[in-house]
Amino acid sequence: MTKHDSLDRATQAVRAALAPGRGRRKRTGTRSARLRLRLPGRPDYPRPGRHGWQRWVPSWRHVLGTAVVFVGLLTATVAIAYARTEIPDDLNAFATQQDNVYYWADGTPMARTGWVSRQEMSLEKVPEHVRGAVLAAENHSFYSDPGVSFQGVTRAFWRTVSGGDTQGGSTITQQYVKNVYLSQDRSFSRKFTEMLMAIKLDRQRTKDQILEDYLNTSWFGRGSYGLQRAAQAYYGKEVTQLNASEGAFLAALLKGAALYDPTLGPENRERAVERWKWTLDRMVEVGGLSRSERARYTAFPEPRAAPRTTSASGQDGYLVALAESYAKRTGKIPDAAFDLGGYQIYTTFDKRRTTALTAAVKKSRDSLDPTARADDRHTKFGAATIAPDGRILAVHGGPDFQRQAFNESNTATVPAGSSFTPFVYAAALEHGVRRGRTGPRTPVTPWTLYDGNDDVPLMTPEGPYWDRGGKMVKGRNDGGRSYGRIPLRDALARGVHTPLLQLGMDVGLDLVRSTAQKSGMLAANFGPPVPAFSLGNSTPSAIRTASAYGVFAGGGRHTDPYSVRRITRNGEPVPLPRPRSTRALSPAVADRVTEALTRPGDDFAGQTGTTPEDTARWYVGSTEEASTAVVVYRMDLTKSLAPLPLKALGRNPAAARRMPAEIWDRYTAALRR
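For the sequence shown, position 569 (counting from the first letter as 1) is numbered 569 according to full-length UniProt numbering, and the numbering increases by one without interruption.
Laid out in structure tokens, this is it:
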């Protein structure tokens, strides 16, 4: 029998058994026997021996096998992704950049500059109860977890696949990674990368390092990054001064400053109080706060109102520019390092004096009408107050730094005029005079007489002084007035020019120059060595003039003006040499100059200053505490730094001439109140 014959017989037997009309035959045999009756080559998929819907239900072997394969592939994928994940060397720009903060002389904040408001603080300086508040509110298992919360990851995954967001459940390490390495988008891929980087970061750094970086880069609202800046923004204090209650509130801001800053609305305050209470209770629960201490905090620690955003504007801008320049130059801080921020610059500027000086100048500035009077246009008011020890106490630099960065108190193109004459007088008292080319010098006293008449030829040992054009040079007094023979002291006090012009020739212009330079004026601003040198053809700024006058009040000693007394970077001191005091004049000479400039009954020394071309008017007043120089001039900054004629500034000449003295009077009167 062939193979085909056997197959035919089997087929016929099956058909006979199933043929209609023969009734139902009793099923016999085992399950395996029945299976053998199936047609060869016909598949029984997916589950053999199952009928209907049961054929499509996978067996436990299928499920287990599929799960093993899936887990294996997932594990391999994660392992490969983890191995390829690198912690970038460069953080997001804001994560390393900080602002620079400037402080008044009394230590209160003055201004800050920089793209972000952030200041680093080492973890050891953050009180333990403040750290505890953050850990209790954000991640109490921080010191024991591997950098991620697997429950949080699962929750985030579920929210993603169910149509929610990916927020919630992140550890402090994950939050830090997101803040400084990744973008803020809410995609699953970003969350997955965040998780891998957090695990790797947790293995590379200590927990303390991660926590410190997190506290220094987190956003707290009010333009503040980092816990240190947040403490200043909300409570006006250093982070080292925060108590547990204040720390609990700041920890709440990590959930979203726009939702928890109570000053932004009643809903915010309600949320903030609720979160604050929860955080304190949570601290007790996790062991970060005792119950007795928790009981002390019953009142919500109200933060102060949002402070005015400080920046380089108004008068603050001129002060910041001066302090920044000094800090970089004297502290030897490169521009690139300074721009990265983190510096605290403690200035010498006195807030009360600055406010009073600004108000005094403003009144004179407001008296002008540039739109109606051409003579009032381009008028500048420079003013500076310097202590005898060199501290710059106040400066008026202009109407507003944002509108005009040019500092009117620091220009070096305006002639000093007769405000320079005290240095001629001081040089004569210090060195004496010489009538001839050789021979000893003759001492002079305040009572030495000189010719005070107008239109007097200037004399040299060889005879009259002739200029290069062959013209005899003569001394002129204001208004063409003659005074006859006059003591040098009176000539200085009354502003008689001709005696002081001749005195400069007799002392020697080189010694006059040396005396002025030792007193603090810069050699670069000196005019040519001609007779007009004694009447102020030099161009010192108001700052340098006030500093030089400080020699008289300071007993003959000079200290270069400085605007910064201390610098730190994130709390660590930056070396800053303090200017040294040098001897410029003998104490006796300094006292005699002060006596000559002090009117009977006054407790200050003062000197006016005019120029032959009437391009500047000065007043310099000194007390034992400080010297203040005020200068008024006109200058069109769009064309040139050369001063323009002042004319009458829309007023009668006599009143206009007194404008600098009026500013000084208002300023000092305000300080006395």
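Glycine is no exception: its CB is placed at the ideal position from the N, C-alpha and C atoms.
Model, not experiment: these values are computed from the prediction.
**Asked** What residues match up with TYR450 in a beta bridge as DSSP calls it?
**Response** As a position in the sequence shown, residue 450 is number 450, starting the count at 1. The partner list for TYR450 (beta bridge, DSSP) reads ILE486.
**Request:** Whole angstroms is fine: what's the gap from GLU624's alpha carbon to ARG565's?
**Result:** In the sequence shown, residue 624 corresponds to position 624, counting from 1. In the sequence shown, residue 565 corresponds to position 565, counting from 1. Cα to Cα, GLU624 sits roughly 21 Å from ARG565.
**Asked** Could you check where the beta strand (DSSP E) with GLN607 kicks off and where it finishes?
**Response** Residue mapping note: residue 607 aligns to position 607 of the sequence shown, counting from 1. Per DSSP, GLN607 belongs to the beta strand (DSSP E) from 605-610.
**Prompt:** To which residues does DSSP link PRO109 through a beta bridge?
**Reply:** As a position in the sequence shown, residue 109 is number 109, starting the count at 1. PRO109 is bridged to TYR103.
**Prompt:** When you compare only the Cα positions, how much space is there between ARG583 and ARG557?
**Reply:** As a position in the sequence shown, residue 583 is number 583, starting the count at 1. As a position in the sequence shown, residue 557 is number 557, starting the count at 1. Cα to Cα, the separation comes out at about 5 Å.
**Request:** Please confirm whether GLY247 and VAL130 have their CB atoms less than 8 Å apart.
**Result:** By 1-based counting over the sequence shown, the position of residue 247 is 247. By 1-based counting over the sequence shown, the position of residue 130 is 130. Yes, Cβ-Cβ distance for GLY247 and VAL130 is below 8 Å.
**Prompt:** Is it true that the stretch 546-562 meets the stretch 385-395, where meeting means three or more beta-carbon pairs spaced less than 8 Å apart?
**Reply:** yes
**Message:** So within the stretch 172-231, which uninterrupted alpha helix (DSSP H) runs reach at least 4 residues, ignoring any that extend past its ends?
**Reply:** 172-180, 188-204 and 207-217
**Prompt:** If you follow the beta strand (DSSP E) that ALA384 is part of, which residue opens it and which one closes it?
**Reply:** What you label residue 384 is simply residue 384 of the sequence shown in a count that begins at 1. From DSSP, the beta strand (DSSP E) with ALA384 extends over 379-386.
**Coarse secondary structure for LEU253, derived from DSSP in three states** = Along the sequence shown, one-based indexing puts residue 253 at 253. Reduced to three states, the DSSP call for LEU253 is helix.
**Message:** On the DSSP bridge list, what partners appear for LYS474?
**Reply:** As a first step, residue 474 is located in the sequence shown; it is residue number 474 there, counting from the start. Per DSSP, PRO457.
**Prompt:** Smallest Cα separation from GLY398: which of ALA321, GLY390 and GLY520?
**Reply:** Here residue 398 refers to the residue found at position 398 of the sequence shown. Checked all of ALA321, GLY390 and GLY520; the closest Cα to GLY398 is ALA321.
**N- and C-terminal bounds of the beta strand (DSSP E) containing GLN517** = Counted from its first residue, the sequence shown places residue 517 at position 517. Element bounds for GLN517: not the beta strand (DSSP E) but the alpha helix (DSSP H), 509-518.
**Request:** State the DSSP-derived secondary structure class of SER547, mapped to helix, strand or coil.
**Result:** In the sequence shown, counting from the first residue as 1, residue 547 sits at position 547. It is helical.
**Item:** Spatially closest choice to GLY527 from GLN175, THR413, ASN570 and ALA493, by CA coordinates
**Value:** Here residue 527 is taken as the residue at index 527 of the sequence shown, counted from 1. Of the candidates GLN175, THR413, ASN570 and ALA493, the one whose C-alpha sits nearest the C-alpha of GLY527 is THR413.
**Prompt:** In whole angstroms, what is the alpha-carbon distance linking GLU128 and VAL395?
**Reply:** Walking along the sequence shown from the start, residue 128 turns up at place 128. Walking along the sequence shown from the start, residue 395 turns up at place 395. Near 43 Å, if we compare the C-alpha coordinates of VAL395 and GLU128.
**Request:** State the Cα-Cα distance for the pair PRO109 and ASP316, rounded to the nearest angstrom.
**Result:** By 1-based counting over the sequence shown, the position of residue 109 is 109. By 1-based counting over the sequence shown, the position of residue 316 is 316. Spanning the two alpha carbons is a distance of roughly 11 Å.
**Prompt:** On the three-state DSSP scale, how would you describe HIS558?
**Reply:** Against the sequence shown, residue 558 aligns to sequence position 558. Correct three-state label for HIS558: strand.
**Beta-bridge pairing of ALA616 - partner residues as DSSP gives them** = Stepping through the sequence shown from its first residue, residue 616 is reached at position 616. ALA616 pairs with TYR633.
**Message:** Please report the straight-line C-alpha distance between ALA105 and PHE300, rounded to a whole angstrom.
**Reply:** By 1-based counting over the sequence shown, the position of residue 105 is 105. By 1-based counting over the sequence shown, the position of residue 300 is 300. Taking the straight line from one Cα to the other gives about 33 Å.
**Prompt:** Just to confirm, are MET459 and MET505 a CB contact at a threshold of 8 Å?
**Reply:** To locate residue 459, count along the sequence shown from 1; it is residue 459. To locate residue 505, count along the sequence shown from 1; it is residue 505. Their beta carbons are under 8 Å apart, which means MET459 touches MET505 by this criterion.
**Prompt:** Hey, how far is the Cα of GLY256 from the Cα of MET121?
**Reply:** Position 256 of the sequence shown, counted from the first residue, corresponds to residue 256. Position 121 of the sequence shown, counted from the first residue, corresponds to residue 121. One C-alpha to the other measures close to 22 Å.
**Item:** ASP350 in three-state terms, based on DSSP
**Value:** Taking the sequence shown and counting its residues from 1, one reaches residue 350 at position 350. Residue state, collapsed to three classes: coil.
**Asked** In terms of alpha-carbon separation, which member of ARG403, ARG580 and PRO487 lies closest to ASN453?
**Response** As a position in the sequence shown, residue 453 is number 453, starting the count at 1. Per the Cα distances, PRO487.
**Request:** Using beta-carbon positions only, say whether PRO561 and ILE333 come within less than 8 Å of one another.
**Result:** To locate residue 561, count along the sequence shown from 1; it is residue 561. To locate residue 333, count along the sequence shown from 1; it is residue 333. No, the Cβ-Cβ distance between PRO561 and ILE333 is not below 8 Å.
**Request:** Report the option in PRO415, LYS277 and LEU649 whose CA atom is closest to the CA atom of ALA252.
**Result:** Looking up residue 252 in the sequence shown gives position 252. Of the candidates PRO415, LYS277 and LEU649, the one whose C-alpha sits nearest the C-alpha of ALA252 is LYS277.
**Item:** Run of the alpha helix (DSSP H) containing HIS431, from where it starts to where it stops
**Value:** For the purposes of this step, residue 431 is taken as residue 431 along the sequence shown, with counting starting at 1. First-last of the alpha helix (DSSP H) with HIS431: 421-431.
**Request:** With distances taken Cα to Cα, identify the nearest neighbour of ARG485 among MET472, TYR103 and LEU500.
**Result:** Here residue 485 is taken as the residue at index 485 of the sequence shown, counted from 1. Of the candidates MET472, TYR103 and LEU500, the one whose C-alpha sits nearest the C-alpha of ARG485 is LEU500.
**Message:** Between which two residues does the beta strand (DSSP E) holding SER581 run?
**Reply:** Here residue 581 is taken as the residue at index 581 of the sequence shown, counted from 1. 581-583 is the extent of the beta strand (DSSP E) around SER581.
**Item:** ASP591 to GLY555 span [Cα, whole Å]
**Value:** The count along the sequence shown starts at 1 and reaches residue 591 at position 591. The count along the sequence shown starts at 1 and reaches residue 555 at position 555. Between ASP591 and GLY555, the C-alpha separation is close to 7 Å.
**Request:** State the start and end residues of the unbroken beta strand (DSSP E) segment that holds THR568.
**Result:** Stepping through the sequence shown from its first residue, residue 568 is reached at position 568. It spans 564-569 - the beta strand (DSSP E) in which THR568 sits, taken as one unbroken run.
**Exposure of LYS471, with buried meaning 16 or more beta-carbon neighbours within 10 Å** = As a position in the sequence shown, residue 471 is number 471, starting the count at 1. Looking at its Cβ environment, which holds fewer than 16 other Cβ atoms inside 10 Å, LYS471 is exposed.
**Beta bridge counterpart(s) of SER364 as assigned by DSSP** = Here residue 364 corresponds to residue number 364 of the sequence shown, with the count starting at 1. Paired residue(s): none; SER364 is not in a bridge.
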